[in-house]
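Sequential numbering of the sequence shown, starting at 1, is according to UniProt numbering. Glycine residues also receive a C-beta, built at the ideal position from the N, C-alpha and C atoms. Okay, structure first, notes after.
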Amino acid sequence: MTDDVEWIDEEAGPVVRPYAMTGGRTRASSSSLDLLSMAVATGAPIPAAANLGLQHRRLLGLVRRARPIVEIASDAGLPIGVVKVLLGDLLDQGLILVRSPIPAASVPADSLLKELISGLRAL
1 MTDDVEWIDE
11 EAGPVVRPYA
21 MTGGRTRASS
31 SSLDLLSMAV
41 ATGAPIPAAA
51 NLGLQHRRLL
61 GLVRRARPIV
71 EIASDAGLPI
81 GVVKVLLGDL
91 LDQGLILVRS
101 PIPAASVPAD
111 SLLKELISGL
121 RAL
């Protein structure tokens, strides 16, 4: 075998395995990171002691406004599991806020909404 073998072409770009981006971690440090949870940057300065990589900083740029985690993963082009771990790191550093979606139990029942519409029409 020679050393002249190229495993990927230049158009493919750099290949980094997901576990390398997360330091081998597969779970986020917080259980509040649901697919539909909204994440937004706090605007706090990045602590000098924070061990943030390029992907962490990239995600911070994507959450300047509140966005669902699933949308962040799509725009970042990363697997959702990786994004959850990286966002968990940012949450631990106080650099983002995460708000869970409204539980289905707190949404009004369909029958109540239909009665409301009927009452409004009667006015």
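Spatial distance of residue i from residue j (CA atoms)
{"i": "LEU59", "j": "ILE80", "result": "12 angstroms"}
{"i": "ALA41", "j": "GLY119", "result": "42 angstroms"}
{"i": "ARG27", "j": "GLU115", "result": "44 angstroms"}
{"i": "LEU33", "j": "ASP75", "result": "17 angstroms"}
{"i": "GLY94", "j": "GLY88", "result": "10 angstroms"}
{"i": "HIS56", "j": "LEU112", "result": "44 angstroms"}
{"i": "SER106", "j": "LEU86", "result": "30 angstroms"}
Any non-hydrogen atom of the ligand ZN closer than 8 angstroms to residue i Cβ
{"i": "ARG27", "result": "By its list of ligands, the structure shown contains no ligand whatsoever, and the ligand ZN lies outside what it can speak to."}
CA nearest to the CA of residue i, picked from the options
{"i": "SER100", "options": "SER30, SER111 and PRO108", "result": "SER30"}
{"i": "ARG65", "options": "VAL98, ASP34 and LEU35", "result": "VAL98"}
{"i": "SER37", "options": "ILE102, ASN51, GLN55 and ALA48", "result": "ILE102"}
{"i": "LEU52", "options": "ASP110, SER106, PRO108 and LEU91", "result": "LEU91"}
{"i": "ILE46", "options": "ALA39, GLY61 and LEU35", "result": "GLY61"}
6 angstroms CB neighbourhood of residue i in its chain, flanking five on each side removed
{"i": "LYS84", "result": "ALA28 and LEU33"}
Integer-rounded CB distance, given that residue j should sit under 8 angstroms from residue i
{"i": "ILE96", "j": "ALA49", "result": "Not a contact, Cβ separation roughly 17 angstroms."}
- Along the chain, which unbroken stretches of the alpha helix (DSSP H) at least 4 residues long are found entirely within the region 40 to 115? 54 to 62, 69 to 76 and 80 to 92
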